[in-house]
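Here is the structure we will look at, set down as structure tokens.
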Amino acid sequence: MSQSGPGGTDGGLDAASVAAEIADAPFVRVIARASGDAVAAAGLLGRVLASQGTPFQVSVGRTIEDRTRRVAEADDSSTAVVVGSSQATDAVHLDPDDEPASVAAWRLAGELGATADSVLALVGVAAAGVTPGAGSSARLVESAEAGGRLDRRPGVAGPVDDVVDVLVHSTLVHASFSGDEASARSALSTLGVDVDADVDASASADLSDDVQRRVASFVAVATTGASDAPARAGEAVERALRPYVLTDSDAPFATVVGYADVLSALASSAPGTGVAVALGHDVRDGALAAWREHSLAVHDAVASCERSRHDGVVVVRDVDAPLSTTARLVRDYRSPEPVVAAVDTDGDAVALAATPEFDVEDVLARVTTQTGGEYDGTADAGYATIDCDTDQFVTTLREEL
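Residue numbering for the sequence shown follows my numbering, beginning at 2 and increasing consecutively.
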């Protein structure tokens, strides 16, 4: 296996050195964090390895300890690349602090002498919560636009053109129409969208720019105007508006951010399908079905959950839905506090969503040191298993925050 320290953008080696290790490896094991950005980065690396004839395997590890175990269990003749952090000292780590992992993977592909998919890298950027084109991702937009693969239009982002489907199932927003097809159809009808004539009538590609703008304005007002919506809802909903449209005839999904929405959902709920999507396999129908199932469960949980407010944190218990997405939507659209903890029905796991200044990864490291359990995290999101009484975990979490 490759020899480099845990954590860091590339385990302490420069991109050229990492590329050399991968290029010479007889087999590469890519182990990704359970996030849309990390899965996109793993897909980028996998595609490059496939194009160069290097055997590889991609898997997803939910916690730091899980990824560390996967490295330890790998064959000694292989090279392990961890997208995210782990405690493995015999792996290359792709875990940048200053940019999404997918941008780092795109750059690494160049060091390997390959041309990586700039659109998939942009999808990872969007999944990381970064505006496509911001910061180091500007070159990705330039590359995709130069290749005629990207356009921008008014409206709402989604993985499909059917705007009803998008409003019902998008996990970029939460409002009265989320998870409720009848409500979404009724709202769109008042905006002049003929949602009952046929499927194509409500396709985003067939709507005029004026109608697209009305739909976007409606979504913005519906999300930010709810009585319990926090001020941060206005910033959160911007991710879903004025999307970059994928213009390739064989693009698997309609927009960059819609693609990211699907990949983020799959990363935690159906990681095998998520990896298949990122590697370019034809699993669109299964991916969309999993995305819809994921989103309906999450929107039901957000709409019906009982929120317990403490100083600085809102705790949501007995969540029978994907925890990370539930925590994020409660933080963005319902929580008066900057931190949300969503606990599952068995009290065995928790997801955190917070504003970035809290450094969720560091918080969960301190909490699990005291309470037991495994964890993973970034600056604004994290996941942990609970090896103690739930109340004890919440108390320790509040103290560490």
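All C-beta atoms, glycine included, are put in the ideal place defined by N, C-alpha and C.
Measuring only the C-alpha atoms, how far is Val216 from Leu189?
Approximately 7 Å, taken between the alpha carbons.
Sort Gly193, Val161 and Gly226 by Cα distance to Arg214 and report the nearest one.
For Arg214, the closest alpha carbon among the candidates Gly193, Val161 and Gly226 is that of Gly193.
Have a look at Ser52, Thr80, Asp163 and Pro133 and flag the residue whose alpha-carbon is nearest the alpha-carbon of His116.
The question names His, but residue 116 is Thr in the sequence shown. Comparing alpha carbon positions, the residue from Ser52, Thr80, Asp163 and Pro133 closest to Thr116 is Ser52.
With a threshold of 16 other CB atoms inside 10 Å of the CB of Asp199, please say whether the residue is buried or exposed.
Any reading at Asp199 must be qualified, since the residue scores a pLDDT of 45, below 50, and its modelled position is unreliable; no value is offered.
Would DSSP call Gly378 helix, strand or coil?
Of the three classes helix, strand and coil, the one that applies to Gly378 here is strand, per DSSP.
What residue does the beta strand (DSSP E) around Phe57 start on, and which one ends it?
Looking at the DSSP string, the run of the beta strand (DSSP E) that includes Phe57 is Phe57 to Gly62.
Where the alpha helix (DSSP H) through Ser52 begins and ends:
Looking at the DSSP string, the run of the alpha helix (DSSP H) that includes Ser52 is Gly37 to Ser52.
Between Arg150 and the rest of its own chain, which residues show a CB-CB distance below 7 Å, the 5 nearest in sequence each way excluded?
Hits under 7 Å: Val120, Leu247, Thr248 and Asp249.
Might you give, ordered along the chain, the residues of its own chain that have their beta carbon closer than 7 Å to the beta carbon of Gly9, omitting 5 neighbours on each side?
Confidence is the limiting factor: at Gly9 the pLDDT is only 42, short of 50, which leaves the residue's position unreliable, though a coordinate-based value still follows. Hits under 7 Å: His94 and Asp96.
Distance check for Gly348 and Cys389, CA to CA, integer angstroms please.
Distance between the alpha carbons of Cys389 and Gly348: 9 Å.
Option nearest Val196 by Cα separation, candidates Val164, Phe178, Ser209 and His170
Among Val164, Phe178, Ser209 and His170, the Cα nearest to that of Val196 is on Val164.
Say whether the stretch 356-365 touches the stretch 314-331, bearing in mind that this needs 3 or more beta-carbon pairs closer than 8 Å, one atom from each stretch.
Look at the beta carbons and you see the stretch 356-365 not touching the stretch 314-331: under three pairs across the two are nearer than 8 Å.
Arg308: first and last residue of the uninterrupted beta strand (DSSP E) it sits in
Start and end: Arg308 to His311.
Please state whether DSSP places Leu242 in a helix, a strand or coil.
Taken through DSSP and simplified to helix, strand or coil, Leu242 comes out as strand.
Can you name the start and end residues of the beta strand (DSSP E) that Thr80 belongs to?
For Thr80, the enclosing beta strand (DSSP E) begins and ends at Thr80 to Val84.
Using a Cβ-Cβ cutoff of less than 7 Å, which residues in the same chain neighbour Val288 once the five nearest sequence positions on both sides are dropped?
At residue 288 the sequence reads Ala, which differs from the Val that was named. Correct list, in chain order: Val263, Leu267, Thr274 and Val278.
Distance CB(Ala128)-CB(Leu45) smaller than 8 Å:
Not a contact, by the Cβ cut-off of 8 Å.
Note the first and the last residue of the continuous beta strand (DSSP E) segment covering Val316.
Val314 to Val320 is the span of the beta strand (DSSP E), which, as asked, contains Val316.
Separation of Asp345 from Asp210, as counted between CA atoms
Cα-Cα distance, rounded: 42 Å.
Of the residues Ile23, Thr69, Pro253 and Glu338, which one's Cα is nearest the Cα of Arg308?
Nearest of Ile23, Thr69, Pro253 and Glu338 to Arg308, Cα basis: Glu338.
Based on the DSSP secondary-structure assignment, which residues constitute the bridge partners of Gly156?
Answer is none; Gly156 lacks a bridge partner.
Where in the stretch 353-400 do unbroken runs of the alpha helix (DSSP H), each at least 4 residues long, occur, reported from the N-terminal end onward?
Along the stretch 353-400, the alpha helix (DSSP H) occurs as fully enclosed runs of 4 or more residues at 361-372, listed in sequence order.
N-terminal and C-terminal residue of the alpha helix (DSSP H) that Arg329 is part of
Residues Leu324 to Tyr334.
Which full runs of the alpha helix (DSSP H) of 4+ residues lie inside the stretch 248-275, going along the chain?
If we require 4 residues or more, the alpha helix (DSSP H) runs fully inside the stretch 248-275 come out as 257-270.
For Arg70, the nearest candidate out of Thr55, Ser78, Val169 and Asp91 (CA to CA)
Here the closest residue by C-alpha is Asp91.
Kindly list the residues whose CB is nearer than 7 Å to the CB of Asp201, restricted to its own chain and excluding five residues on each side of it in sequence; keep chain order.
In this predicted model, Asp201 has a pLDDT of only 49, less than 50, meaning its place in the structure is not dependable; the value taken from the coordinates is given anyway. The answer, listed in chain order, is Asp207.
What is the C-beta distance between Ala382 and Arg329, in whole angstroms, given that I count them as a contact (C-beta under 8 Å)?
By a beta-carbon distance limit of 8 Å, Ala382 contacts Arg329. Their separation comes to about 7 Å.
Give the DSSP-derived three-state secondary structure of Ala188 in the structure shown.
Here Ala188 sits in helix by DSSP.
In whole angstroms, give me the CA-to-CA distance for Met2 and Arg68.
Since pLDDT at Met2 reaches only 40, below the 50 mark, its modelled position is unreliable, and no value is offered.
Which residue marks the beginning of the alpha helix (DSSP H) containing Arg108, and which one marks its end?
For Arg108, the enclosing alpha helix (DSSP H) begins and ends at Ala102 to Glu112.
For Ser177, which residues in the same chain have their Cβ closer than 7 Å to its Cβ, ignoring the five residues on either side in sequence?
Ser184 and Ala223.
With H, G and I counted as helix, E and B as strand and the rest as coil, what does DSSP make of Leu173?
It is coil, neither helix nor strand.
For the 8 Å Cβ check, are there 3 or more pairs between the stretch 281-300 and the stretch 133-142?
By the Cβ rule, the stretch 281-300 does not count as touching the stretch 133-142, because fewer than three pairs are nearer than 8 Å.
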